[in-house]
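Protein chains: 2
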Amino acid sequence: LTEKRIAVDVMGGDHAPRVAIEGIAAALDEFPGIDRIVAVGHLQKIAHYLEAYDLTDHPRLTLVHAEEVVEMCEPSTMALRGKKKSSISVAAKLMKNGEIDAIFSAGHTGAAVAANTVITRTLPGVDRPAIAALLPGQNGHFILMDAGATIECKAENLAQFALMGETYARLVFGIDEPRIGLLSVGGEDSKGNDLTKDAFKILEKMPINFIGNVEGNSMFENIADVVVCDGFTGNAVLKTAEGMAKATVKWLKDVFSKNAFRMTGAMLARNAFRDLKEIGDAEECGGAPLLGINGVCVIGHGSSTAKSVCNGIRVASEMISFGANEKIISKVKQLKIQMSENG
Amino acid sequence: LTEKRIAVDVMGGDHAPRVAIEGIAAALDEFPGIDRIVAVGHLQKIAHYLEAYDLTDHPRLTLVHAEEVVEMCEPSTMALRGKKKSSISVAAKLMKNGEIDAIFSAGHTGAAVAANTVITRTLPGVDRPAIAALLPGQNGHFILMDAGATIECKAENLAQFALMGETYARLVFGIDEPRIGLLSVGGEDSKGNDLTKDAFKILEKMPINFIGNVEGNSMFENIADVVVCDGFTGNAVLKTAEGMAKATVKWLKDVFSKNAFRMTGAMLARNAFRDLKEIGDAEECGGAPLLGINGVCVIGHGSSTAKSVCNGIRVASEMISFGANEKIISKVKQLKIQMSENG
């Protein structure tokens, strides 16, 4: 059995450190399979919350002090260089040194990516990491990657993302021959920008189930299991989906509150709204794994609640069990051989 | 008063030519202010529909024959070079020669952009055109541009899009000091890819109400009136919003049909669903203008209905009245002077 030691960046997120500590307390309770949780943060600043959640002497909790925090407004590379004692950098060093097996952070995404790229390092052969986000389609979820780790991409990066996404879909979601799509501006092979046109040529030769270009609308019809794109586009798409979902809830409230008949209708159907909310629930999903690094890192939403932190820790624990990294290393190696053979 | 002669590419769109002819019939009825509609298409293929909608001898309708059609699957540049007699190329030539004042097309977007860029030409000083799409935010619509005309962009293109979008927001929506945002991966100035970082430096020096970076989610909170981005990202975002809206309607139907209580609720609230559908209704908006060309072109959705075609013709007619092009020329000229002064 694999050991499961998970570090939580308790200073990261809009409601840190309170929700992180509350989430850790819930995770220690709910997941006895986790050997150890390591809370990384400013010990004086979290002491009060540790006490509040009865965690001052928990047998499966370790505390590690980090003097600094990366603020959301800081440029990620600068933060990394200037703040070597930040909670996320300290956590990455613990993983580099083999003292932990996974990290969960709801803090500055760019800083988590930078710390894991520079300190933890990428897997052998992997040039850049990618965030694998789950988006809700009409008939279930699909994986979008990169959702924001590698903002400036080359075609080879996208090819590697496809392999990482394929491995993730197989191991974590049990999909046999995951359908891989390339996000573009039209379904036809000829459509796209320079990056996607180059990536298309690599992807169509790879030993994967590549279904060609997919579009922003058709991907919500679940025509692909994994949709590959650069991190800038992926981030814009992910946040657009989030923005639309919130706007829809607002419009629903507005239109239902217009008159008594509708309000009665809405009340009779109120459990339906709860169901609807759960479909795209960020709390349930907990966080998105950063794939391609020499370890496990799960990135939560900045607005994470205690429930999302708890679920994010669960996702990190699952990612340790699935052990995707060895498979990614071997697939990326094969891709390099194939690409050098093709000139 | 400006003359209003509008060409409709009747071969363009998934349901062409039927819906185009039906839309023209409705527009001739509803908008007496339009001097002339010019139906451009394969005359033998449309004869039957003209007869069906009583248009064979309409005093304000002219027919122009076009031998070819650009199919949706063709690469746009190839289509333009190989099909000089396509309906969209013939329409662009009519505009170039001053025989019409605007074009509406629900056909191949890339071909419409290419024909208007190469035949109609861009406005003096404008390097590349942009599609200005309306997206539904929590508290009303906002403008996203470019929604897919210029797939590969330079920073100067984005700066010009900002000026075109600003002019459009002022003239068409009557907004006094339109708030211009730059779509990026974080709200902070430092976030973005190479393109947006370069564009940010130009935009912050321009005499516009530039509010900085906006994100895919925050733009749906109506923090900006105009959101600027490259055409690849804009297209992905626009189609994601569309895909999410469709998926939401599907989920709503699923959750409401689960039991009798909910179904009763849904029935009591059924007018609310109609209202909701109207919020993001593509039929009502008709189409998105292609800004930056030496004329007026409104691009409809491939799946346009007769109602959308009619509304697209209305939008084309309004764009002629607003006369945005002279203002765009003068603003772009000032930008060039400013940029050469700044070195």
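Just so you know, the sequences run in chain order A and B. Going by our numbering, the first sequence opens with residue 1, and the numbers climb by one from there. Going by our numbering, the second sequence opens with residue 1001, and the numbers climb by one from there. Every residue, glycine too, gets a C-beta built ideally from N, C-alpha and C.
Taking DSSP as the reference, what is the three-state secondary structure of residue 141 (chain A)? If you number the first sequence from 1, residue 141 (chain A) lands on position 141. Note: residue 141 (chain A) maps to strand in three-state DSSP.
Burial state of residue 1219 (chain B), where buried means 16 or more other Cβ atoms lie within 10 Å: As a first step, residue 1219 (chain B) must be located in the second sequence, where it is residue number 219. Flag for residue 1219 (chain B) reads buried.
Integer Cβ distance of residue 291 (chain A) from residue 164 (chain A), believed to fall under 8 Å: Here residue 291 (chain A) refers to the residue found at position 291 of the first sequence. Here residue 164 (chain A) refers to the residue found at position 164 of the first sequence. The beta-carbon distance between residue 291 (chain A) and residue 164 (chain A), rounded to whole angstroms, is 4 Å. This is short enough to meet the 8 Å contact definition.
Contact with chain A by residue 1238 (chain B), beta-carbon distance below 8 Å: For this step, residue 1238 (chain B) is matched to residue 238 along the second sequence. Cβ-Cβ to chain A under 8 Å: yes for residue 1238 (chain B).
Unbroken stretches of the beta strand (DSSP E), 3 residues or longer, contained in the region 1158 to 1189 of chain B: Qualifying beta strand (DSSP E) stretches, in chain order: 1179 to 1183.
CB of residue 1231 (chain B) within 8 Å of CB of residue 1149 (chain B), strictly: Locating residue 1231 (chain B) in the second sequence gives position 231, where the first residue counts as 1. Locating residue 1149 (chain B) in the second sequence gives position 149, where the first residue counts as 1. Residue 1231 (chain B) is a Cβ neighbour of residue 1149 (chain B), given a cutoff of 8 Å.
Say whether the region 302 to 311 of chain A touches the region 3 to 15 of chain A, bearing in mind that this needs 3 or more beta-carbon pairs closer than 8 Å, one atom from each stretch. Yes: the two stretches touch, three or more of their Cβ pairs being nearer than 8 Å.
Would residue 1022 (chain B) be called buried (16 or more neighbouring beta carbons within 10 Å of its own) or exposed? Along the second sequence, one-based indexing puts residue 1022 (chain B) at 22. By the neighbour-count rule (16 or more Cβ atoms within 10 Å), residue 1022 (chain B) is buried.
Just curious, the beta strand (DSSP E) that residue 1214 (chain B) is in, first and last residue? Taking the first residue of the second sequence as 1, we reach residue 1214 (chain B) at position 214. That run of the beta strand (DSSP E) goes 1209 to 1214.
Interface residues of chain A around residue 1261 (chain B) at Cβ under 7 Å? The count along the second sequence starts at 1 and reaches residue 1261 (chain B) at position 261. Within 7 Å Cβ-Cβ: 268.
So, is residue 45 (chain A) buried or exposed, given that buried needs 16 or more other C-beta atoms within 10 angstroms? In the first sequence, counting from the first residue as 1, residue 45 (chain A) sits at position 45. The residue in question, residue 45 (chain A), is exposed, as its Cβ has fewer than 16 Cβ neighbours within 10 Å.
For the alpha helix (DSSP H) containing residue 1314 (chain B), name the first residue and the last one. For the purposes of this step, residue 1314 (chain B) is taken as residue 314 along the second sequence, with counting starting at 1. Taken as a continuous stretch (DSSP letters only), the alpha helix (DSSP H) holding residue 1314 (chain B) covers 1306 to 1322.
Tell me which residue opens and which closes the alpha helix (DSSP H) that residue 1254 (chain B) is part of. Start at 1 with the first residue of the second sequence, and residue 1254 (chain B) comes out as number 254. Where residue 1254 (chain B) is concerned, the enclosing alpha helix (DSSP H) stretches over 1231 to 1256.
Under 9 Å, CB to CB, which of the residues in the region 1205 to 1225 of chain B have a partner in chain A? If the cut-off is 9 Å between Cβ atoms, the region 1205 to 1225 of chain B has 1215, 1216, 1217, 1218, 1219, 1220 and 1221 near chain A.
For residue 9 (chain A), name the three-state secondary structure that DSSP assigns. As a working mapping, residue 9 (chain A) is identified with position 9 in the first sequence. Shown here, residue 9 (chain A) sits in a strand according to DSSP, grouped into three states.
Distance, Cα to Cα, residue 48 (chain A) vs residue 139 (chain A)? Counting from 1 along the first sequence, the entry for residue 48 (chain A) is found at position 48. Counting from 1 along the first sequence, the entry for residue 139 (chain A) is found at position 139. If you draw a straight line from the Cα of residue 48 (chain A) to the Cα of residue 139 (chain A), it comes to about 44 Å.
Tell me whether the region 1308 to 1327 of chain B and the region 1151 to 1160 of chain B touch, counting them as touching only if at least three CB pairs, one residue from each stretch, are closer than 8 Å. They do not touch, by the three-pair rule.
What number of angstroms, rounded off, separates the C-alpha of residue 192 (chain A) from the C-alpha of residue 1151 (chain B)? Locating residue 192 (chain A) in the first sequence gives position 192, where the first residue counts as 1. Locating residue 1151 (chain B) in the second sequence gives position 151, where the first residue counts as 1. If you draw a straight line from the Cα of residue 192 (chain A) to the Cα of residue 1151 (chain B), it comes to about 7 Å.
For the region 1112 to 1139 of chain B, enumerate the residues whose C-beta is nearer than 7 Å to any C-beta of chain A, in chain order. Residues of the region 1112 to 1139 of chain B whose Cβ lies closer than 7 Å to any Cβ of chain A, in chain order: 1136, 1137 and 1138.
Is the shortest distance between the beta-carbon of residue 1300 (chain B) and the beta-carbons of chain A less than 8 Å? In the second sequence, counting from the first residue as 1, residue 1300 (chain B) sits at position 300. Chain A contact via Cβ: absent.
So if DSSP puts residue 1289 (chain B) in a beta bridge, which residue, or which two residues, is it bridged to? Here residue 1289 (chain B) refers to the residue found at position 289 when the second sequence is read from its first residue. BP columns for residue 1289 (chain B) point to B:1298.
When you compare each of B:1257, B:1240 and B:1128 to residue 1294 (chain B) by their alpha carbons, which one comes out closest? For the purposes of this step, residue 1294 (chain B) is taken as residue 294 along the second sequence, with counting starting at 1. B:1128 is the residue among B:1257, B:1240 and B:1128 whose C-alpha sits nearest the C-alpha of residue 1294 (chain B).
Cβ distance (whole Å) where residue 225 (chain A) is taken to contact residue 178 (chain A) below 8 Å: Residue mapping note: residue 225 (chain A) aligns to position 225 of the first sequence, counting from 1. Residue mapping note: residue 178 (chain A) aligns to position 178 of the first sequence, counting from 1. Indeed they touch by this definition, with Cβ atoms about 4 Å apart.
Do we get a CB-CB distance below 8 Å when we pair residue 1200 (chain B) with the residues of chain A? Counted from its first residue, the second sequence places residue 1200 (chain B) at position 200. Between residue 1200 (chain B) and chain A, the shortest Cβ-Cβ separation is not below 8 Å.
Taking CB distances under 8 Å as the criterion, tell me whether residue 1180 (chain B) reaches chain A. Counting from 1 along the second sequence, the entry for residue 1180 (chain B) is found at position 180. No - not a single Cβ of chain A is within 8 Å of the one on residue 1180 (chain B).
For residue 221 (chain A), collect the residues of the same chain with a Cβ closer than 7 Å to its Cβ; drop the 5 residues on either side in sequence, then sort them by chain order. One-based indexing of the first sequence puts residue 221 (chain A) at position 221. Counting only Cβ-Cβ distances below 7 Å, and skipping sequence neighbours, we find 137 and 138.
Taking a cut of 7 Å between CB atoms, which residues from the region 139 to 169 of chain A lie near chain B? With the criterion set as a beta carbon lying under 7 Å from some beta carbon of chain B, the members of the region 139 to 169 of chain A are 148, 151 and 152, in sequence order.
Checking 8 Å against the spacing of the C-beta atoms, do residue 1197 (chain B) and residue 1342 (chain B) come in under that value? Stepping through the second sequence from its first residue, residue 1197 (chain B) is reached at position 197. Stepping through the second sequence from its first residue, residue 1342 (chain B) is reached at position 342. Not a contact, by the Cβ cut-off of 8 Å.
Can you find at least 3 beta carbon pairs, one from the region 1028 to 1039 of chain B and one from the region 1323 to 1330 of chain B, that sit closer than 8 Å? A contact between stretches requires three or more CB pairs, one per stretch, nearer than 8 Å, and the region 1028 to 1039 of chain B fails this requirement with the region 1323 to 1330 of chain B.
Any C-beta of chain A sitting closer than 8 Å to the C-beta of residue 1284 (chain B)? Looking up residue 1284 (chain B) in the second sequence gives position 284. Chain A contact via Cβ: absent.
Which residue comes first and which comes last in the alpha helix (DSSP H) that contains residue 1036 (chain B)? As a first step, residue 1036 (chain B) is located in the second sequence; it is residue number 36 there, counting from the start. Segment 1036 to 1041 is the beta strand (DSSP E) holding residue 1036 (chain B); no alpha helix (DSSP H) there.
Kindly identify the DSSP beta-bridge partner or partners of residue 1227 (chain B). Indexing the second sequence from 1 puts residue 1227 (chain B) at position 227. Its beta-bridge partners are B:1144 and B:1181.
Buried/exposed call for residue 1075 (chain B), threshold 16 Cβ in 10 Å: For the purposes of this step, residue 1075 (chain B) is identified with residue 75 of the second sequence, where counting begins at 1. Flag for residue 1075 (chain B) reads buried.
Residues of chain A with CB closer than 7 Å to the CB of residue 1250 (chain B), please, in chain order. On the second sequence, residue 1250 (chain B) is found 250 positions in, with the first residue counted as 1. Within chain A, the residues near residue 1250 (chain B) are 138.
Residue 345 (chain A), buried or exposed, once every other Cβ within 10 Å from all chains shown has been counted against 16: The requested residue 345 (chain A) does not occur in the structure, where chain A is confined to residues 1 to 343.
Any chain A beta carbon closer than 8 Å to residue 1253 (chain B): Here residue 1253 (chain B) corresponds to residue number 253 of the second sequence, with the count starting at 1. Using a Cβ-Cβ cut-off of 8 Å, residue 1253 (chain B) does not count as an interface residue toward chain A, since no Cβ of chain A sits closer than that to its own.
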